[in-house]
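> Before I ask anything, here is the structure I am working with.
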Amino acid sequence: MLLAMNKLHASGTMPNLKPDAFTYTAVIDAWSKSGFRGAATRADQLLDKMEAKYLAGDVSLRPNSFTYNAVINALAKSGEPGAAARAERVLQNMVNRHRQGAGDD
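First residue of the sequence shown: 0, per numbering that gives the first Met the number 0; consecutive thereafter.
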């Protein structure tokens, strides 16, 4: 879904179809609830992509508490090796963003 939206937006076919934080969070939440193998990794990768784009200046992709919690939830359910450490990293990123004033929600 995100790839199709990005492609349509970038091509100019549908310039108003740019995915925002709400869209990314919905996809991350869907991954966290899917139960698929690798879902937590996909959710974590999407969060990383959001954070990178936000830090590069795309303010519409600022992760919020729902985004971070969806990724932590996906990691908690995953049973993947290293998931607990990854969840702790996500939590620490959320705390750091809040302290820097980037998380007012």
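Every residue, glycine too, gets a C-beta built ideally from N, C-alpha and C.
Cβ atoms of ILE71 and VAL89: under 8 Å apart, would you say?
Cβ distance < 8 Å, so VAL89 and ILE71 count as in contact.
> Would the region 4 to 12 count as touching the region 44 to 51 if we require 3 or more Cβ pairs under 8 Å?
With the cut-off at 8 Å, the region 4 to 12 and the region 44 to 51 do not touch.
> To the nearest angstrom, how far is the alpha carbon of TYR23 from that of ARG36?
Those two C-alpha atoms are separated by around 20 Å.
> On the criterion of 16 or more Cβ atoms from any shown chain inside 10 Å, does ARG96 qualify as buried, or is it exposed?
It is buried - the Cβ of ARG96 has at least 16 other Cβ atoms within 10 Å.
> Would you say LEU45 and ILE27 are within 8 Å of each other, going by their C-beta atoms?
Yes, these two residues count as a Cβ contact at 8 Å.
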